[in-house]
Amino acid sequence: FRTQVGVVGAGPAGLVLALLLQQAGIACIVLDRQTREYVETRARAGFLEHRIVEFLRRNGFSKGLDLRGVQHTTCEFRLEGRQYIVPYGDMAGCAHTVYPQQFVVSDLIELFIARGGTILFSHPVVKIEGLEDDKAVIHCHAQNNIDHSPVVKQVECDFIAGCDGFHGIARASIPPDRFSAVTRQYGIGWLALLAEVPSSTERVIYALHESGFAGQMPRTPQVTRFYLECSPQDKESDWPEERIWHELRKRMAVNSNDGDRSGNDELVPGKLIERRVLDMRSVVTETMQYGNLFLAGDAAHIITPVGAKGMNLAIADSEFLAEAFITYYREGDGTHLSKYTETRLPHVWQTIEFSDWMLRLIHNLDESGSRTFSDRLRRARLERLCGQGDYANTFAANYVGK
Ligand code: APR
């Protein structure tokens, strides 16, 4: 194979990039180590920012989410049994769209292939070469069509877009002495759950409890994501079903004499279809490009799930990277490409900062010992979020991704 841009990874970052390049008449091939079925059914994120939805819409990539996405404009915090309802959509004048990542991926795959694009599924990339030369080479494993024996294929390209996630091969191909990344490990675990049960409220709930954080995020009418703060060392087996539902109920409970009880319907236990422990951390690769390799999405940065920014950041990287490739191929101007890292990093850090701020709001990271002091502070913050001032407006704009 020979192409202009070799895209490693068929997640949101790789697919958005490939579609934009295809639209601009730039040749590209996408490779993914997994099968199509696997990537189309892998449940991950689900909240799309307003500006990302607008971007997908402008480019004609939003048919599925326009049909099946659900708009969210309100979220709720709970502390000491009280509810703090934040109508961020009214404040910002726009909404989130809830549309599971696997649906986004599946829609983009369908569109790219329907428009004549090539995605090589079940093609794990095992080596990337020639990053400092005129021609880069992607080596991948595949199966012979006739007898299914293993074969090695090569894709030659002008550029490689590393959209293969944090454990992919792209970021690992940058020489260590040219590579730099910074990490924050929060020492917090989240038990991430998906349950076949409707959400008890239509809005997202962030419950700040003395036993730890609990969250509820609607995904589809039948499936809800829940999170429970736990030790990062916990194993899934430490969390039998009974304990999970007990902790969720306890941490999300509201006082019965509290004003608005409309959002406090009883949690109904349902079949758990995913249960895994996440280690809360953020990692920013400050080398987003090396030679003719460009990293986008999780390959370049990991952001904690707090604030639901991961998929949005991945798509935003690809939007900029595609523009840079288009300017290069149309006008012979490589300035934007050469400034990819420099341009994207400030946006990445703004997003990381928001997620870090929110993480500190919903967890008790106060190590000075006074639980009460820390809870009062958090209460004061929540009261400000429910107010009408700049504090609340800034939160609303950042949260919804205006
Ligand atoms: N060869 C080919 N493909 C690979 C390889 C490899 N060596 N390693 C990984 N991949 C593929 C994976 O199979 C996956 O489909 O790269 C793809 C990366 O996709 P994502 O993990 O979805 O990453 P990205 O597109 O950056 O999207 C980020 O995913 O983790 C969530 O919360 C995160 O929402 C964010 C989004």
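In my numbering, the protein residues as written are -12 to 389.
For every residue, glycine included, the Cβ atom is placed at its ideal position computed from N, Cα and C.
Is residue i close to the ligand SAH? I mean its beta-carbon at under 6 Å from any heavy atom of the ligand.
i           : result
residue 330 : Judged by which ligands are present, the ligand SAH is missing from the structure shown, whose ligands are the ligand APR.
By Cβ distance, which residues of its chain are closer than 8 Å to residue i, with the 5 residues on each side in sequence left out?
i           : result
residue 401 : The first residue shown for the chain is -12 and the last is 389, placing residue 401 beyond what the model contains.
residue 22  : 108 and 109
residue 46  : 6, 7 and 10
residue 81  : 37, 387 and 389
residue 247 : Because the pLDDT at residue 247 is just 48, under 50, the model does not fix this residue reliably, and the value given afterwards should be weighed accordingly. If we look at residue 247 and ignore the five residues flanking it on each side, its Cβ neighbours are 70 and 72.
residue 122 : 143, 144 and 145
residue 44  : 53
residue 27  : 89, 92, 93 and 96
residue 162 : 277
On a Cα-Cα basis, can you pick out the residue from the options that is closest to residue i?
i           : options               : result
residue 388 : 297, 370 and 111      : 297
residue 140 : 344, 133 and 110      : 110
residue 197 : -2, 360 and 145       : 360
residue 160 : 32, 147, 370 and 385  : 147
residue -3  : 268, 151 and 9        : 151
residue 85  : 36, -11 and 132       : 36
residue 228 : 218, 240, 261 and 220 : 261
residue 366 : 320, 376, 162 and 351 : 351
residue 117 : 142, 104 and 99       : 142
residue 391 : 309, 66, 156 and 157  : Nothing in the structure corresponds to residue 391, since the chain is present only between -12 and 389.
residue 221 : 236, 205, -11 and 177 : 177
residue 202 : 174, 102 and 232      : 232
residue -5  : 290, 310, 325 and 158 : 158
residue 274 : 179, 138 and 286      : 286
residue 358 : 259, 199, 240 and 230 : 199
residue -10 : 106, 75, 224 and 96   : 106
residue 187 : 153, 240, 195 and 155 : 240
residue 17  : 74, 100, 321 and 76   : 100
residue 189 : 41, 136 and 253       : 253
residue 270 : 179, 24, 154 and 195  : 154
residue 255 : 225, 211 and 281      : 211
residue 390 : 339, 120 and 272      : Outside the shown range of the chain (-12 to 389) lies residue 390, about which nothing can therefore be said.
residue 336 : 353, 289 and 206      : 289
Please return the same chain residues whose Cβ sits closer than 6 Å to the Cβ of residue i, not counting the five positions on each side in sequence.
i           : result
residue 301 : -1, 0 and 284
residue 276 : 327 and 328
residue 64  : 71, 193 and 369
residue 378 : 371
residue 323 : 311 and 314
residue 172 : 268
residue 251 : Only weak support is given to the placement of residue 251: the predicted model assigns it a pLDDT of 49, under 50, and the question is left unresolved by the model.
residue 341 : 294 and 385
residue 334 : none
Looking only at its own chain, which residues have a Cβ that is under 7 Å from the Cβ of residue i, when we skip the five neighbours before and after it?
i           : result
residue 209 : 183 and 185
residue 257 : 182, 183 and 184
residue 403 : The question about residue 403 has no answer here: the residues shown for the chain are numbered -12 through 389.
residue 374 : none
residue 175 : 216, 219, 267 and 350
residue 249 : Note that residue 249 scores 43 on pLDDT, short of 50, meaning its location in the model is unreliable; the coordinates nonetheless yield the value given after this. Here the set comprises nothing.
residue 279 : 118, 123, 145, 146 and 147
residue 331 : 275, 304 and 307
residue 34  : 83, 85 and 295
residue 32  : 88, 295, 297 and 298
Taking DSSP as the reference, what is the three-state secondary structure of residue i?
i           : result
residue 1   : helix
residue 324 : helix
residue 288 : strand
residue 173 : strand
residue 222 : coil
residue 247 : In this predicted model, residue 247 has a pLDDT of only 48, less than 50, meaning its place in the structure is not dependable; the value taken from the coordinates is given anyway. Reduced to three states, the DSSP call for residue 247 is coil.
residue 386 : helix
residue 59  : strand
residue 183 : strand
residue 269 : strand
residue 209 : coil
residue 341 : helix
residue 201 : strand
residue 394 : Residue 394 lies beyond the range of the chain shown here (-12 to 389); nothing can be said about it.
residue 313 : helix
residue 84  : strand
residue 241 : coil
residue 108 : coil
residue 37  : helix
residue -7  : strand
residue 264 : strand
Using a Cβ-Cβ distance cut-off of 7 Å, determine whether residue i contacts chain B.
i          : result
residue -7 : No chain B appears in the structure shown, which is made up of a single protein chain.
Segment contact, 8 Å Cβ cut-off, at least three pairs: the stretch 47 to 61 with the stretch 310 to 323: No: fewer than three Cβ pairs fall under 8 Å.
Three CB pairs or more closer than 8 Å across the stretch 122 to 139 and the stretch 64 to 71: No, the stretch 122 to 139 does not touch the stretch 64 to 71.
The stretch 302 to 309 touching the stretch 4 to 20, judged by at least three CB pairs closer than 8 Å: With the cut-off at 8 Å, the stretch 302 to 309 and the stretch 4 to 20 touch.
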